[in-house]
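Notes for the one structure printed next.
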Amino acid sequence: MEAARDFGGALQDKFHWTVDLSHYDLEVVLNIASDAAYVCAALTKESLHKRNITHFGSTTLRATMCYNLLRLAEPIKGDVVIDPLGGGGSIPIESCLAFPYTFNLCGDMDEKAVNRSKCNLDYLREKHPMAMDILRWNTLKLPLVDQSVDVFVTDLPFGKRSGKKKDNRGLYRGVLNELGRVVRMKSGRAVILTGDKAAFLQALGMNHPYWKKIRMFGVNQGGMFSAVFLLLRTSKQFMKL
């Protein structure tokens, strides 16, 4: 509260702006974290995290987070981009709109999740051309031929809002192995968000012949501290675990 008071007072003294926490024209936020501080100015009146989505699930990923995961993957013209654990379709929908030169696909085992994805896609197709399709599938046995995918971008189950954390190790291992089969060798990328970093690193170690870790960093996702991994497919010929 002291920082907010002093910061607001400094703005008023410098620019002669009246501080009003309810009816303001410009939102300015001071963030203080341990030994660092930074000032932010809101660019929009409302948060963009719900854009493009009309049907939400318990673990729907924010559109802003989806965009940044996709940007990290650097999709190029003609790429096939897939979210193998599609949920409500947030990631491929964002990819269609932000990277319209790609073809996007998502799937999920949960029929309700597939239906949510279809509802979200149908709503947007009334406004935009959407190069996207939705399937119901088992992520551990994808109905895709070997080396047919350029980019995977997905949000793995954390075992908090959905699933059980004790199941993560086996699931993560199987998912990475199956993605290693269908992604293109040498050029295929995967950007993966997870809240169970330990389980993911163990799974990555078991699939190290197929995946090279390029980057890893932490993110604060609605109060849950998660990790994002950027992986590159190696030139190792695939062999099923």
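So for the sequence shown, our numbering puts the first residue at 1; every next one is plus one.
Idealized CB from N, CA, C, for every residue including glycine.
Beta-carbon spacing of residue i, residue j below 8 Å
| i | j | result |
| --- | --- | --- |
| residue 27 | residue 63 | no |
| residue 72 | residue 191 | yes |
| residue 121 | residue 130 | yes |
| residue 150 | residue 182 | no |
| residue 193 | residue 156 | yes |
| residue 196 | residue 166 | no |
| residue 180 | residue 137 | no |
Where residue i falls: helix, strand or coil (DSSP)
| i | result |
| --- | --- |
| residue 220 | strand |
| residue 42 | coil |
| residue 159 | Its pLDDT being 42, under 50, residue 159 is placed unreliably in this model, and the coordinates cannot settle the point. |
| residue 3 | helix |
| residue 154 | strand |
| residue 76 | coil |
| residue 99 | coil |
| residue 114 | helix |
| residue 207 | coil |
| residue 25 | coil |
| residue 227 | strand |
| residue 86 | coil |
| residue 193 | strand |
Separation of residue j from residue i, as counted between CA atoms
| i | j | result |
| --- | --- | --- |
| residue 69 | residue 84 | 14 Å |
| residue 92 | residue 106 | 7 Å |
| residue 125 | residue 98 | 15 Å |
| residue 224 | residue 61 | 13 Å |
| residue 255 | residue 15 | A question about residue 255 goes unanswered here, because the residues of the chain that appear run from 1 up to 241. |
| residue 234 | residue 168 | 24 Å |
| residue 187 | residue 230 | 13 Å |
| residue 170 | residue 29 | 42 Å |
| residue 75 | residue 189 | 9 Å |
| residue 159 | residue 20 | Low local confidence applies: a pLDDT of 42 at residue 159 is under 50, so the model's placement there is unreliable, with the coordinate-based value given in what follows. Their Cα atoms are separated by approximately 41 Å. |
| residue 35 | residue 206 | 37 Å |
| residue 239 | residue 7 | 59 Å |
Contact set for residue i: own chain, Cβ-Cβ below 6 Å, skip 5 residues either direction
| i | result |
| --- | --- |
| residue 144 | 182 |
| residue 77 | 101 |
| residue 80 | 103, 149 and 150 |
| residue 42 | 27 |
Same chain only: Cβ atoms within 7 Å of residue i, ignoring 5 sequence neighbours per side
| i | result |
| --- | --- |
| residue 38 | 31 |
| residue 142 | 84, 178 and 182 |
| residue 214 | 230, 231 and 232 |
For residue j and residue i, believed in contact at Cβ under 8 Å, the rounded distance
| i | j | result |
| --- | --- | --- |
| residue 140 | residue 178 | 6 Å |
| residue 152 | residue 172 | That belief does not hold up - the Cβ atoms of residue 152 and residue 172 are roughly 13 Å apart, past 8 Å. |
| residue 114 | residue 134 | 6 Å |
Beta-carbon contacts of residue i that lie in its chain and below 8 Å, excluding the five residues immediately before and after
| i | result |
| --- | --- |
| residue 216 | 227, 228, 229 and 230 |
| residue 4 | 30 |
| residue 128 | 96 and 97 |
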